[in-house]
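These notes concern the structure reproduced below.
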Amino acid sequence: MKNITIAVFCLLLLNACRKDNSKFDGPSIQDLYSNFKLIDNFKCDKDSVSFAAGEVSHFTASFNKAVKWQISITGTTSKAQKIITGQSKTIDANNGTWNGSTTVFPIFGVENCIAKLTVEGVTDSFLLPIKIRSTKVNNGLVIADFENGFNSAWTKFAQSGANMDFNVKADTYAPQGAKYLNMAGTVNWDWCIGYIDFPATAYSASNTLALATNPDAVFFNCLIYGVPNTNSSLVLFQFKEDENADGIFNAANEDEYDYQIDVNWSGWKLVTIKYSDVTSMVNGQPVTPKGNSQHNPNKIGKISMYHLANKDNGFASCKIDYLIFTSSPIEP
Amino acid sequence: MLFLLFSIGALFAQQKRAVDFIGGARSMMSNNRILVTDSFPDTLTTKRNTGGYALIDLGVNIKPNKNTEILGMFRIRNQYGGFWGSGVSFDVRQLWLKGVIANVVRYQVGDLNLKQTPFTLYNHHADKLDSLPAIFNFQNQIISYEKFYLNNTWRQQGVNLDFGLKFSKYLKEADFDGYLTRLLATDFAKVPDRLMGGFTVNILQSKNFGFGYNNFSVFDVKGTIIDSNRYRNLVNTFSFIYKTQIKNKPLEIKAEAGRSLSETTENITASSMQDYFIHAYTEFKLPKQHLNLSLGYLNVGPDFRSIGAQSKNVNYNATPEFYNRYGNAQSSRPLSVMDIIRNDNLYTTSVNSNLMVTSPIYNNILPYGIATFNRVGAYLKAKFDNQKGITCNATHNNLSEIRGQGTFALKKFTQTKVNAALEINKIISTKRSFKIQAGLDLQSTMRKSQVEVEHVKLNTLIMTVGLEYELFSNIDILLGTINVNNKGNDFSDSRNAYSVVDYLTNVNYDLHQQITAFGIRCRFSDRIYLCGNYQYSNYNDKLNLNPQYKLNQFAITYNMTF
Amino acid sequence: MKFKFTCLILFGFLFQPGFLAMAQEKNTAVDSTYQNGLKYFEVGNFPKTAATALKQFSVNGYYRFVSNYRHLNQAYAHLENNKNNIFVGDDSQIPQLMLNMSGSVAKNTTFGTDLYMWTPMTGLGTTENVKGLNLGISLYGNFTSSLGDFNVRTGGINWYSLTPFTFQSNKGYNRYSIFERNPWDPNTKNMDSRYADFYNSGSINQDERWGQQAFQGMILEASRLPKGFSGVMMYGKTQLNGGLSPLPNNSIGGKIKKEYGSNYISANTFNNVSYTDTLQQTRIGFNVATLEFRNKIKRILLKGELGMGRAFVQEKSNGWGEALSLKISGDLFKKYPLEMHLFRISSKVVNNSSSFINTSFEQTQILTANTSTQPVLPAVASTMAPIGQLVNNRQGVDLNAQVNIGKIKTAIGYNVSAEIENLSSKITYAHPVNSLVLAHFWRWDFPSNVGPYNNLSKIYRNVYETVNLTSIDATTGLPLKKKYFNSVEINSKYHGSMGAHDFYIYYLGQFSSAQNNLAPLTIFTEKALLRTYYHQLETYFGISNNFIWCNYAGFERIIANYETQTDVVSRRPKNQTGISIATGFDIRLSKGAGLYLRQRWMNSYDSSFSKDKYSGYETTAEIKIFF
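Residue numbers (this note's numbering), protein chains in the order written: chain A, 18 to 349; chain B, 342 to 903; chain C, 94 to 720.
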């Protein structure tokens, strides 16, 4: 046994010299940390694209090493921007595809755009022109895009405060289409500045919205504009499920789910939430739903949208547009 | 639950001692405060917070007959501040059935705590700080309880069988242990059913020689989703143990060697990985000198993958329990040593099929324990215990990469760990316990290359000092401090879903962390204590990659285990 | 493949014929306890040994079914369309089934929790059923050392009290009607024990929360400390600063007590700091510090508490105010127990966790949106409280005496008090005769300023009413004069028997007034801003050991003068009459189980305020079973 032991240890010691010089793991550090070189020029497979027809555009380029890169596409008219980022040695259809969606609002229109490629740590940038022949179409149930003004089936309430505005506006702020809803005012006695009820009957003949039954497959999206240097607005959506579809939401025994957005940013921002993620709340605190406690998007009878703000902090203002239900997170 | 309670009552009435209650209870209250030092004053973070809970884990252990045992344990948790039933949750914490079939085969179905060998299925706790002072250790033990950490096991759900056989000739006995558990349940779309199974056969040939065979595999069940691409990780190892004596001094040799295969059947971006490992060590005991010496050899191939042994119990991508954002930029707060010590939501319970992120801050030498791939070298351990109150453990690792990362040049790893404890009451023969402990962990990672950009030099120094003094009978004063210092640079690898390196980022460190704590503990019994402690920690990134912060906490913990 | 092949060979070797025949099982226990030092590693499922079992575990509790049917001939406006109502349950949130579970982990440590279940029986089935914890989870431990004995309670709600000015609820003088059962009233061994105890000792059996407050957190008690010292330290949340918010809204209090003989003196404190905003910019709270003592000098017992307190918002505070309560008691002519109570509590002393009511400091519930506490704060107004109930911004004297003549036992209370500052232009008062029925008009929450004239507020099982004064300063809104209060209470009890049947007759009369001048006795004329007269007569007749016939008659009059708000139509001030006639039965169903039936006819009206009227009846059935 002694000999066996010695033999085993000798074998082990021999093996101690084990090295694998045939290759190394990962990209070459020399490449990663050496000077940048563009191997294949920045190109796009189309000089004009019709997103409405389902077309997409692919950008391509290749470099001497893996780099952090960014393609920003800017509409020359709308100033909308799409940002695509990545970290790789090549840009191709897998990581450089644009489907017409927007990152910085407003949404792209039919217009000329400039695509700009920048690489981290490299001062040079690379430009390409590209033209949008038709814009991207988003499939879903539009609750409000305000393009036709105020729907008579909606119910609006605005407090009688100072500098109140709860109206549809058509100006350069519009992030989608030409119009949006402006919500502003000073209400120093109440958090509620105003609200709009969107009843399901405004969209279909039935008492509930025509949405999928699976709450994981229903997403609520909207665009909200935070006005700089004003009292931070809260936008509260109440999704009221008419579980027995009798046309009346009964708060005592039917579910209400709520989504409160603290508008603490400046400019337009896309807000998206999966319906199964909204919770029941009272005064911002979670509570148990009063109905069947199940998210039933197909039973939503009414959506109430509140504009709230701390009454002690004065004038509050925000803008909202493009309230839409989709089956996946929207890329407007 | 009512049914359960009444059923228990009925059983209890019918057959005394057929029902036992086990579990634990704990209440914890804490007040926390963060202080951020940044170029802009932090006006957004809620600086102080309070939290806590009281919980009961009530396990009902039912023995319908002498060969069968059932445990159902539910947890009732009441969040601090919740009055009249608010903030209450009910959960099932454990459920299992075990018994003996035909007086031969032992089985358990349901929750299992499984362990094989260090290269097959093993929870290494690779980043656990050694020689943790008692004031931190009790917090760490709560995490262990919460996450079912028991003898380096992983929590699994499935079935386990074991039996033993005795023989009259050739061999003395054989033990068989096998299990089959489920890692993932299909969502019928993208996630397949993923099972984990394995077995160990340990054979005792004589009183001095034993050997074993260990099999571990994780595999996707075909047809559970439409995607036919299936993952598989297979590990087979042999192990042996041999005992002898040299000049009447015991010598023990243990070794394990094996191979692994990791593949996805239709993977087009990464080929299957196969590699082997060898681990052997000998332990030499010098009883008169109260000394144990071990010399070990380790060789784990760069493509050796064993997810049962290479899963980490700390998830460095998890969000801390509180203050997860800080500073005026509300950036993600980097984890500090206080989080590692007390934050149970950073810890995992089960093995993870994906290679988990490591933290060079705590362990850059063997981040996946001794099963860390791409390591070759030797280690030396010494253990001294004079049975009179002085203990000391020392370890030295001298390792190297086998295959380079982003270069052909190889990293060299050295680590020296020394942990010592003095039980002064034993030394000076007093009644009240008085213990001082100290630990040192010095880690060095070096890579020298002809190309300067490939150079790596990262030094880590972790120091712990603790004191435990019994002020009155069963009332202890606890003190402790931990310092973690990192300085230098190393390349952090980012890996794709197939654990292939796709990017290497040069990360610079000049980080100093410290946590100091003191408290009073009242011991009601070995398993029951009340402890009030105050601890303050400092996270100081001298490179200003993250704003410096201090985290202070006052906590009262009352813990019962039964 | 090589490994699989090797395995096959290995197994083939192990299980060759003849070899297997010699095999036998090695360990057959359910728990594998053996250790084999010759394994490379211990493998398999852990733990290998059985866990230590709990020493003792017990479950007890009660089932309580209660249901009301109410019919109103005349109703308040909000019930005009719901004159008939069926209600199952108790909206004081006492559940139908309560299980109290406790376990003993070691000889000196225990834990306890509870579980309630409630089905509202509205026909919706299981979806409406409710489960949860009521008091939550508590852990207890005690510890004996050479320094003293220590007792610790942590976790869920613990009922606890320190002293009246720091942390305690009002205990009163046991002068109340016992016709209606409280949710927490226990079943007694004999059906008439409840009434006999009230006759004999002046109190019925109360549960543990009597006089105590709910507290969540840690309470550390020390007793048998050297030199007669003992102490308490408490840190956590009260109902009023509870909630799941991570804001550090906590209370801290404690007591250091020195005992000498049968007497003691203690230093006590209770303090709260709460934040009203998430960024912790606004800090509110209060501090109270007192000395409590008990000293018996011959036959005279001196007992009291004196101290000071303040409330603050941020760094602003009106300063510290004084709080004094001194009770001198002894037996008059060695026969009649007599107690004199002197008190003075400054308007600056605020503590909603104490036994006195805040009538001076306008405050809001911390995070009122939080659903995890019961956001009930009494209105800030000058209250006409029963004798023994202290309020701040008040000074005065109470006299309480017990006169027993034959089988007639009479407790007499007298009070004269005055506001220290004229801070409130409102007076609040109760409607004890129909209080519970009136409280049932609003279910599930405790609204304020409701009713036909928005002047009723509900607190748990009581409703109080607010009346506004008209003689106020137009600029400040404060009253022009201070208010003075007088009250006389008489509680007579008689126990007789008819053959083998015991019966009890109780009368409770309360006569109070509030006016702008000091008076030695209750004012019974128009000079009083407000007068309240309550008469309650109860009889309990033991038909058998298992059957008690209960009867009740109540009459109340509330009359205000023209310095209070008048009705816009009648132009007259409040002139209220309340009448209540009730009967009922206490029936013992089995050991520990009782059925309690009550039928109450009520009529209440205000001859000046035409919308303030209701009449009808309410039937209550209660089954209560303890186990």
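C-beta: ideal position from N, C-alpha, C; glycine also. Bear in mind the structure is a predicted one, so any value in this text is a computation, not a measurement.
Within the same chain, show all residues whose beta-carbon is closer than 6 Å to that of A/W208, passing over the 5 residues directly before and after it, in chain order. Reading the first sequence from its first residue, position 191 is the one you call residue 208 of chain A. So the list reads L325, K328, once near-sequence residues are dropped.
Taking Cβ-Cβ distances shorter than 9 Å, what residues in chain C pair up with B/S835? Taking the second sequence and counting its residues from 1, the one referred to as residue 835 of chain B is at position 494. Those within 9 Å of B/S835 in chain C number zero; the least Cβ separation is about 33 Å.
Pick from B/T732, B/T690, B/V678, B/K653 that is closest to B/Y709, judged by C-alpha positions: Taking the first residue of the second sequence as position 1, residue 709 of chain B is located at position 368. Ranking the options by Cα distance to B/Y709, first place goes to B/K653.
Can you list, in chain order, the residues of its chain whose CB lies under 8 Å from that of A/N156, leaving out five sequence neighbours each side? Here residue 156 of chain A refers to the residue found at position 139 of the first sequence. Contacts found: T343, S344.
Name the chain B residues whose beta carbon is nearer than 8 Å to that of A/S45? Translated into the one-based positions of the first sequence, residue 45 of chain A becomes position 28. The answer, in chain order, is G747, T748.
Could you tell me the distance, in whole angstroms, from the CA atom of B/V500 to the CA atom of B/R523? Here residue 500 of chain B refers to the residue found at position 159 of the second sequence. Here residue 523 of chain B refers to the residue found at position 182 of the second sequence. About 9 Å.
Determine the contact status of B/G519 and B/G539, defining contact as a CB-CB distance below 8 Å. Looking up residue 519 of chain B in the second sequence gives position 178. Looking up residue 539 of chain B in the second sequence gives position 198. In contact: B/G519 and B/G539 (Cβ atoms closer than 8 Å).
Give me the Cα-Cα distance between C/Y233 and C/L255, rounded to the nearest whole angstrom. Along the third sequence, one-based indexing puts residue 233 of chain C at 140. Along the third sequence, one-based indexing puts residue 255 of chain C at 162. One C-alpha to the other measures close to 18 Å.
Near C/P545, which residues of its chain fall below 7 Å by C-beta distance, leaving aside the five closest residues on each side in sequence? By one-based count along the third sequence, residue 545 of chain C stands at place 452. Counting only Cβ-Cβ distances below 7 Å, and skipping sequence neighbours, we find Y169, A170, K704, D705.
With 8 Å as the threshold, decide whether the Cβ of A/N309 is near any Cβ in chain C. Residue numbering aside, residue 309 of chain A sits at position 292 when the first sequence is read from its first letter. So yes, A/N309 belongs to the interface.
Within the same chain, show all residues whose beta-carbon is closer than 6 Å to that of C/E631, passing over the 5 residues directly before and after it, in chain order. The count along the third sequence starts at 1 and reaches residue 631 of chain C at position 538. So the qualifying residues of the chain are F272, Y599, Y645.
Straight-line Cα distance separating B/V377 from B/N879: Locating residue 879 of chain B in the second sequence gives position 538, where the first residue counts as 1. Locating residue 377 of chain B in the second sequence gives position 36, where the first residue counts as 1. If I take the Cα positions, the gap works out to 10 Å.
Close beta carbons around C/G225, own chain, < 7 Å, minus the five adjacent residues each side: Position 132 of the third sequence, counted from the start, is the residue given in the question as residue 225 of chain C. So the list reads Y209, once near-sequence residues are dropped.
Just mark C/L573 as buried or exposed, buried being the case when its beta carbon has 16 or more other beta carbons within 10 Å. Taking the third sequence and counting its residues from 1, one reaches residue 573 of chain C at position 480. When all chains shown are included, C/L573 counts as exposed.
Strictly under 8 Å for the Cβ-Cβ distance: is C/M327 near chain B by that measure? Translated into positions along the third sequence, residue 327 of chain C becomes position 234. No, its Cβ sits nowhere closer than 8 Å to a Cβ of chain B.
Can you name the residues of chain B whose CB is closer than 7 Å to the CB of C/T712? Here residue 712 of chain C corresponds to residue number 619 of the third sequence, with the count starting at 1. Chain B residues near C/T712: none, gap ~28 Å exceeds 7 Å.
Comparing alpha-carbon positions, which option in C/N579, C/L147, C/D595 lies nearest B/V360? Numbered from 1 along the second sequence, position 19 holds the residue referred to as residue 360 of chain B. Of the listed residues, the one whose Cα sits closest to B/V360 is C/L147.
Could you list the residues in the region 244 to 273 of chain A with a C-beta less than 9 Å from some C-beta on chain B, going in chain order? none
Three-state secondary structure (DSSP) at B/H853? Position 512 of the second sequence, counted from the first residue, corresponds to residue 853 of chain B. Of the three classes helix, strand and coil, the one that applies to B/H853 here is strand, per DSSP.
I think C/M722 touches C/S663, with their Cβ atoms under 8 Å apart; what is that distance to the nearest whole Å? The structure shown does not extend to residue 722 of chain C, since chain C is modelled only from 94 to 720, so the question has no answer here.
Secondary structure at C/G304, three-state DSSP: helix, strand or coil? On the third sequence, position 211 is the one that residue 304 of chain C refers to. DSSP places C/G304 in coil when its eight states are reduced to three.
Check whether the Cβ of B/C863 lies closer than 8 Å to any Cβ atom in chain C. Here residue 863 of chain B refers to the residue found at position 522 of the second sequence. Chain C, which has a Cβ nearer than 8 Å to the Cβ of B/C863, makes this yes.
Simplified DSSP assignment, three categories, for B/D468: Sequence index remark: in the second sequence, residue 468 of chain B carries index 127 (1-based). Coil.
Output, in chain order, the set of chain B residues within a Cβ distance shorter than 8 Å of A/F236. Within the first sequence, the letter at position 219 stands for residue 236 of chain A. Chain B residues near A/F236: none, gap ~17 Å exceeds 8 Å.
The region 45 to 58 of chain A in contact with the region 71 to 87 of chain A per 3-pair CB rule at 8 Å: yes
State yes or no: is the C-beta of B/G599 within less than 8 Å of the C-beta of B/Y617? Along the second sequence, one-based indexing puts residue 599 of chain B at 258. Along the second sequence, one-based indexing puts residue 617 of chain B at 276. Going by C-beta atoms, B/G599 is nearer than 8 Å to B/Y617.
Is B/M901 helix, strand or coil by DSSP? Counting from one through the second sequence, the residue named residue 901 of chain B turns up at place 560. Three-state DSSP puts B/M901 in a strand.
Which runs of the beta strand (DSSP E) fall wholly inside the region 388 to 431 of chain C and span at least 3 residues, in chain order? 393 to 406, 414 to 425
Which stretch, first to last residue, makes up the alpha helix (DSSP H) that contains B/E487? Counted from its first residue, the second sequence places residue 487 of chain B at position 146. Run containing B/E487: 475 to 487, per the alpha helix (DSSP H) assignment.
Where the region 201 to 224 of chain C meets chain A: residues whose CB sits under 7 Å from a CB there: T220
Would C/M194 and C/Y253 be called neighbours here (beta carbons separated by less than 8 Å)? Position 101 of the third sequence, counted from the first residue, corresponds to residue 194 of chain C. Position 160 of the third sequence, counted from the first residue, corresponds to residue 253 of chain C. Against a cut-off of 8 Å, the Cβ pair of C/Y253 and C/M194 comes out as no contact.
From B/L871 to C/S422, what distance separates their C-alpha atoms? In the second sequence, counting from the first residue as 1, residue 871 of chain B sits at position 530. In the third sequence, counting from the first residue as 1, residue 422 of chain C sits at position 329. Cα-Cα distance, rounded: 43 Å.
Starting from the C-beta of C/Y353, find all residues in its chain whose C-beta is less than 7 Å away, skip the five residues before and the five after it, and write them out in chain order. As a first step, residue 353 of chain C is located in the third sequence; it is residue number 260 there, counting from the start. If we look at C/Y353 and ignore the five residues flanking it on each side, its Cβ neighbours are G321.
What is the DSSP secondary structure of B/G649, reduced to helix, strand or coil? Counting from 1 along the second sequence, the entry for residue 649 of chain B is found at position 308. DSSP places B/G649 in helix when its eight states are reduced to three.
Looking at C-beta atoms only, is the number of pairs between the region 851 to 871 of chain B and the region 821 to 840 of chain B that lie closer than 8 Å three or more? yes
Contact under 8 Å by Cβ, B/F477 with B/I682: The residue labelled residue 477 of chain B in the question sits at position 136 within the second sequence. The residue labelled residue 682 of chain B in the question sits at position 341 within the second sequence. Result yes, Cβ atoms of B/F477 and B/I682 sit closer than 8 Å.
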